[in-house]
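Student: In the numbering used here, the protein residues as written are 10 to 267.
One structure, pasted below without further comment.
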Amino acid sequence: MSRRTPPASVLITGATGGIGRALALHYAAPGRILILHGRDTTKMDALTQECTQRGARVLALLHDLTDIDGWMNALDKVASVNPIDLAIVNAGATHIIGGDGESWADIERVLNTNLRAALATTSALLPHMQRRGGGQIALISSVSAWYGIPVSPAYSASKAALKNYGEAMRAWLAPRNIAVSVVLPGFVKSAMSDKFPTGKPFMLSAEDAAQRIARGLARNQARISFPMLLAAGTWFLAVLPAPVSQLLLQWLGFSRKT
Ligand SMILES: NC(=O)c1ccc[n+]([C@@H]2O[C@H](COP(=O)([O-])OP(=O)(O)OC[C@H]3O[C@@H](n4cnc5c(N)ncnc54)[C@H](OP(=O)(O)O)[C@@H]3O)[C@@H](O)[C@H]2O)c1
10 MSRRTPPASV LITGATGGIG RALALHYAAP GRILILHGRD TTKMDALTQE CTQRGARVLA
70 LLHDLTDIDG WMNALDKVAS VNPIDLAIVN AGATHIIGGD GESWADIERV LNTNLRAALA
130 TTSALLPHMQ RRGGGQIALI SSVSAWYGIP VSPAYSASKA ALKNYGEAMR AWLAPRNIAV
190 SVVLPGFVKS AMSDKFPTGK PFMLSAEDAA QRIARGLARN QARISFPMLL AAGTWFLAVL
250 PAPVSQLLLQ WLGFSRKT
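Take a look at the structure:
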């Protein structure tokens, strides 16, 4: 599929977070409808005001994504009235492993937010896009989809699954004029990356990340992966023999021993 025309309406989940907020401000423009999802009223009110000042019309959706059925119903209702040209499935949660490993409650929260809710968002929107004969979906995965990062196993697993889902859906939906891109960012400054206990090589600002994502989406890239060195490095970890990759990760300080 070729370049996409600028979207008239954009849905962003997790718009109150670092990358989501930067994306919302990037797309905020006169004549555009932004459907912004979050769960924090104060952050959402402030973001709505900023986007409105830039000329966008904002519809705010406040919802905890772990309530999957409630979220799908809410989204279905919104999409019936407001056709969505571009959906950026961005909301995510992380967990850093501790000395006792990851509790089931933490694993479940991460998988529910990053994987189940992301697939539920896509599933709720697809019938509407298919009826209209087109649309675009961006799934925000991570470079950790290439190779599991020892400090966050459940998070890495959720992002790897999301990447595979997006790749499969892109091929299936292309003949239906629905474009699917998988976004694989490296470190981006946000509340999430602030929790990461190791070094954060080549970290980008959320604004820089938002611009790279929007550029890739306009070009309808299958995979939007950045920054280049980290993207290439993590891809390389996946193709090297596993013992070599694990030694490299240890050497780089990404294996927490406590
Ligand atoms: N930052 C990085 O280095 C990095 C790298 C690779 C990929 N990513 C991915 O990029 C996406 C955005 O991350 P970020 O860095 O911008 O993190 P962030 O600042 O922590 O933002 C995460 C967003 O998701 C929302 N969210 C989390 N759990 C939710 C739930 N149960 N229900 C509803 N909303 C929920 C948060 O809402 P609240 O504000 O209410 O918590 C927030 O709006 C995530 O998918 C993340 O995995 C980030």
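Ideal Cβ positions, reconstructed from N, Cα and C, are used throughout, including at glycine.
By the DSSP assignment, the beta strand (DSSP E) with residue 46 in it spans what residues?
Tutor: Residue 46 sits at position 37 when you count from the first residue of the sequence shown. Taken as a continuous stretch (DSSP letters only), the beta strand (DSSP E) holding residue 46 covers 42-47.
Student: To the nearest angstrom, report how far apart residue 59 and residue 34 are at their CA atoms.
Tutor: Within the sequence shown, residue 59 is the residue found at index 50, counting from 1. Within the sequence shown, residue 34 is the residue found at index 25, counting from 1. Approximately 7 angstroms, taken between the alpha carbons.
Student: Which same chain residues end up closer than 7 angstroms to residue 254 when comparing Cβ atoms and leaving out the 5 residues on each side of it in sequence?
Tutor: Counting from 1 along the sequence shown, the entry for residue 254 is found at position 245. These residues qualify, in order along the chain: 156 and 246.
Student: How about residue 196: is its Cβ closer than 6 angstroms to a heavy atom in ligand 1?
Tutor: Counted from its first residue, the sequence shown places residue 196 at position 187. Because some heavy atom of ligand 1 lies under 6 angstroms away, the Cβ of residue 196 counts as near it: yes.
Student: CA-CA distance, residue 266 and residue 108?
Tutor: One-based indexing of the sequence shown puts residue 266 at position 257. One-based indexing of the sequence shown puts residue 108 at position 99. Confidence at residue 266 is low in this model, with a pLDDT of 48, below 50, so its placement is unreliable and no value can be given for it.
Student: Could you please give me the residues that DSSP links to residue 179 through a beta bridge?
Tutor: Counted from its first residue, the sequence shown places residue 179 at position 170. In the DSSP output, where bridge partners are listed per residue, residue 179 has none listed.
Student: Taking contact to mean at least 3 C-beta pairs separated by less than 8 angstroms, is the region 151-165 in contact with the region 175-190?
Tutor: no
Student: According to DSSP, is residue 235 helix, strand or coil?
Tutor: As a working mapping, residue 235 is identified with position 226 in the sequence shown. Of the three classes helix, strand and coil, the one that applies to residue 235 here is strand, per DSSP.
Student: In the DSSP output, what is residue 161 paired with across the bridge?
Tutor: Sequence index remark: in the sequence shown, residue 161 carries index 152 (1-based). Paired residues: none, contrary to the question.
Student: Ignore the nearest five residues each way along the sequence and tell me which others in residue 208's own chain have a CB closer than 7 angstroms to its CB.
Tutor: Translated into positions along the sequence shown, residue 208 becomes position 199. Excluding sequence neighbours, residue 208 sits near 262.
Student: Below 7 angstroms between beta carbons: does that hold for residue 69 and residue 134?
Tutor: Residue numbering aside, residue 69 sits at position 60 when the sequence shown is read from its first letter. Residue numbering aside, residue 134 sits at position 125 when the sequence shown is read from its first letter. No, Cβ-Cβ distance for residue 69 and residue 134 is not below 7 angstroms.
Student: Regarding residue 133 and ligand 1, is the C-beta to nearest heavy atom distance less than 6 angstroms?
Tutor: By 1-based counting over the sequence shown, the position of residue 133 is 124. No, the Cβ of residue 133 stays beyond 6 angstroms of every heavy atom of ligand 1.
Student: Please name the residue, chosen from 223, 65 and 23, that lies closest to residue 145 on a Cα-to-Cα basis.
Tutor: Locating residue 145 in the sequence shown gives position 136, counting from the first residue. The shortest Cα separation from residue 145 among 223, 65 and 23 belongs to 223.
Student: What is the rounded straight-line gap between the Cα of residue 74 and the Cα of residue 232?
Tutor: The residue you call residue 74 lines up with position 65 of the sequence shown. The residue you call residue 232 lines up with position 223 of the sequence shown. Taking the straight line from one Cα to the other gives about 25 angstroms.
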